[in-house]
Structure formats: structure tokens, C-alpha cells
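Enquirer: Reminder that position 242 of the sequence shown reads as 226 in our numbering, one-by-one numbering, no gaps.
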Amino acid sequence: MIHIKQLNLEKKSEISVAVLHGKLTDKQKNGIKMLLLILPFLVFIFIFSYLPLAGWWMAFVDYKIGAPFSKQKFVGLKYFQMMFSGVGSFPLVLRNTLVLSGLGLLCSPIPVIFAVMLSKVRNGKIAKIVQTVTSFPNFISWVLVYALFFALFNTNDGAVNVLLARMHLLSTPLNILGDADRAWTIQTLIGIWKSTGWSAIIYIAGMSGIDPELYDAADVDGAGSFQKIIHITIPGIMPTFFVLLILQIANILNNGFDQYWVFQNALTMDKINVLDTYIYRIGIGSLQYSFSTAMGMAKSLISILLLTFANRFSKLIRGTSIF
-15 MIHIKQLNLE KKSEISVAVL HGKLTDKQKN GIKMLLLILP FLVFIFIFSY LPLAGWWMAF
45 VDYKIGAPFS KQKFVGLKYF QMMFSGVGSF PLVLRNTLVL SGLGLLCSPI PVIFAVMLSK
105 VRNGKIAKIV QTVTSFPNFI SWVLVYALFF ALFNTNDGAV NVLLARMHLL STPLNILGDA
165 DRAWTIQTLI GIWKSTGWSA IIYIAGMSGI DPELYDAADV DGAGSFQKII HITIPGIMPT
225 FFVLLILQIA NILNNGFDQY WVFQNALTMD KINVLDTYIY RIGIGSLQYS FSTAMGMAKS
285 LISILLLTFA NRFSKLIRGT SIF
């Protein structure tokens, strides 16, 4: 161990001497160039992702707007205790968040299935058209998505309701946007429609890395299309799937703001009011900065723990992990 440490110190001293005298190998020069290239991004991340964490101190005081730090009353873990004491709508909001994220996790294989099916389309032009059309919703803002669904399904003159009524297939207008009993299902389906095409691109890119000789060998052995999918394609993209799944588990409390904010109304509020919208409403709407900061802080810490456990579980089950 001592010998290894001495070698490391000698190597570091050699690099330092090389830097001072301008005698660097090509590998060392490339390493310095790469460091300088990513340095602006590291600075950007530090300024906008790490420095704001200093604001977490508000979670431990009764924050008063405009008062100096020394005048803020320290309350310890008061607001963290409030979260789990049943105060306000937090338990209901936490339930909505977990249910909607859980439904998203259950639907995570859908982009994989879609990507596999798209890869089997023999006509390249048709495959590109389908890929483009299904990826397009990802680039539409949630405001426009809501406007589209409102134009289609509003109870007064929505295009779908008008068409079904004229065909005498519907006596009472469909109130999809105001159906509280089906709000979770509807929001999950809307999310799938918006993200499946874009997510499939990642898996299609993963398929391009599979060795073509594996398919040639399968053809020689007489394997059919379904057998090649099961034994070659699916195992080939499983590492990509599990990496995305681990990240999705880590973000189980961060299931989005825009979608649920624009689709919320008086009828569906109790079903699609999630943590992100609740924190915004408490912090900006009610000016309860300390309580909202505590919830945001707890959400971030829980996400880190979930990422750690999911990564460790992947290491135990599959033998691989993302870190």
C-alpha cells in the first residue's frame, strides 16, 4: 500500500514538473483540453444547481420577507414535522404523486415495445414518418396540449362530442377533462402519447449498437423474427432500459409541474394536485416560503435516497449499476 502511494505521488510530481516545463504528452494535453471544454458547464452547474441550495436555510426558520438573516426565528424541524402530521393537503398530494409516478413506472415498457415494433417496419420511409409523427408531441408545450384536448373534449362544442352526438352515438357529452374518477388514467395516457415517440428514439439508438452478426447467426440457426426479438433485441437494449428505469425511480416524487398545472380544475384538483404544483401553490400563492422550502428539500433528499437504493438493487440483481 505504501509502495502504491509512493508511485502515485511520483506520478503526480512528474505531471507537475511536465506542466511547469511545458513538456506534456499528447494524452495529457488532450486531458487538459477536455477539462477546459467542460469547465464552463461545471461552472454553470455550480452556479445554478449548487449555489441555490444555500436557500435551504429557510426551511429551519419562520421566514419573514425582508427581514435580515439574524432576525429570522429558528424553529428547527417544525415544518418537516408539519408535512407528516396531516396538516393541510400534504397527505392527499403525496398520494397523488406516488400513484401517478407508479402508473408511469408500470407504463415504462411501452416505449421499448414501440421501438421494437418500429424497428421491424421494412419500409424505411414509413418508419421515418411514423417516428417523426410520434416524436412531434414531445416538442409541444403542455399549454398547447391542453388547448388541443380542450378543443376536442370540452362539453359545449368539443369536436369529439359534436361528432359523436351527430352520429347519435352519445346522448351526454364526454367530460374527460373534468372526470375525477378517471383523472389518473387520463393523465397517464396523455403522458404516454406525448413521450412515447421521443423515448423510443433512445431505444432505437440502443438497437443500432447490437452486433448484426448476432442476427445473422440467428438466421442460420433458423430463428424467427419473434425469437430474435426475445433473445437478441430485448437483451441488447435492457441496459439502456434499466438505466432509464433507475432514473425514473429516483424521480418518483418529481413527476412534473406543467402537465398537472394546466389540466387542474375544480373537479380534478383532488386527483392531480401533485407535489410540484402543491409546493408552487404554497410557496408563491400562500407565501409560506419556509414550508414550501422544507417540502422541496425533503423531496430532493428522498430522490437521492431512491436513486441510491435503486442503483444498489440493480447492482445486486443484474451485477451492473450507473455509479
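Cβ coordinates follow ideal geometry from the N, Cα and C atoms, glycine included. All values reported here derive from a predicted model rather than from experimental measurement.
1. By Cβ distance below 8 Å, which residues in the same chain neighbour Y130 in space, the five residues on each side in sequence not counted?
2. By DSSP, does K104 sit in helix, in strand, or in coil?
3. Could you check the C-alpha separation between T180 and P95 for me, to the nearest Å?
4. Let me know if N239 comes out buried or exposed under the rule of 16 or more other beta-carbons within 10 Å of its beta-carbon.
5. Taking the alpha-carbon positions, what's the D242 to N138 distance?
6. Could you tell me which of T277, A294, L290 and I301 sits nearest to W40, measuring between CA atoms?
7. In the structure shown, what three-state DSSP assignment does V59 receive?
8. Is the Cβ-Cβ distance between S103 and I188 less than 8 Å?
9. According to DSSP, which residues form a beta bridge with D195?
10. Assign F307 to one of two classes, buried (16 or more other C-beta atoms within 10 Å of its C-beta) or exposed (fewer than that).
11. In angstroms, rounded to a whole number, what distance separates the CA positions of K(-4) and F120?
12. Determine which residues share a DSSP beta bridge with V45 and list them.
13. Sort V258, I160 and L300 by Cα distance to L78 and report the nearest one.
14. State the Cα-Cα distance for the pair I218 and M101, rounded to the nearest angstrom.
15. Here's the rule: buried if 16 or more other CB atoms are within 10 angstroms of the residue's CB, otherwise exposed. What is Y34?
16. Look at N311 and L158 and say whether their C-beta atoms are less than 8 Å apart.
17. According to the neighbour-count rule (16 or more other Cβ atoms, all chains shown, within 10 Å of its Cβ), is G303 buried or exposed?
18. Under the rule that 16 or more other beta-carbon atoms within 10 Å means buried, what is N80, buried or exposed?
19. If you measure between the beta carbons of L289 and I236, is that distance less than 8 Å?
20. Please state whether DSSP places D203 in a helix, a strand or coil.
21. Counting only runs that start and end within the region 122 to 190, where is the alpha helix (DSSP H) found for 4 or more residues in a row?
22. Name the two residues that bound the continuous alpha helix (DSSP H) containing I230.
23. So is Y43 buried or exposed if we call it buried at 16+ other beta carbons inside 10 Å?
24. Considering only the beta carbon of each residue, do G162 and L251 sit closer than 8 Å?
25. Expressed to the nearest angstrom, what Euclidean distance is found between the alpha-carbon atoms of Q211 and Y199?
26. From I268 to I110, what does the alpha carbon distance come to, in whole angstroms?
27. Tell me whether the beta-carbon of I256 lies closer than 8 Å to the beta-carbon of M279.
28. Given G220, which residues of its chain have a CB within under 6 Å of its CB, disregarding the five upstream and five downstream residues?
29. Measuring straight from C-alpha to C-alpha, what distance separates L23 and N14?
30. Could you tell me the alpha carbon to alpha carbon distance between S54 and A135, rounded to whole angstroms?
31. Tell me which same chain residues have a C-beta within less than 8 Å of the C-beta of V59, skipping the five on either side of it?
32. Roughly how far, in whole angstroms, is the beta-carbon of L89 from the beta-carbon of Q272, given that I think they are within contact range, below 8 Å?
33. What is the C-beta distance between K57 and N122, in whole angstroms, given that I count them as a contact (C-beta under 8 Å)?
Expert: On the basis of the coordinates in this document:
1. V246 and F247
2. coil
3. 5 Å
4. buried
5. 20 Å
6. T277
7. coil
8. yes
9. In the DSSP output, where bridge partners are listed per residue, D195 has none listed.
10. exposed
11. Its pLDDT being 49, under 50, K(-4) is placed unreliably in this model, and the value from its coordinates should be taken loosely. For K(-4) and F120, the distance between alpha carbons rounds to 51 Å.
12. F58
13. V258
14. 12 Å
15. exposed
16. The chain is shown only over -15 to 307; residue 311 falls outside these bounds and no answer can be derived.
17. exposed
18. buried
19. no
20. helix
21. 126 to 137 and 143 to 150
22. I218 to A234
23. Per the sequence presented here, residue 43 reads as Ala, with Tyr not at that position. It counts as buried.
24. yes
25. 10 Å
26. 48 Å
27. no
28. I194
29. 14 Å
30. 53 Å
31. F44, V45, D46 and S274
32. Contact doesn't hold; Cβ gap of about 31 Å is too wide.
33. 46 Å between Cβ atoms; not a contact.
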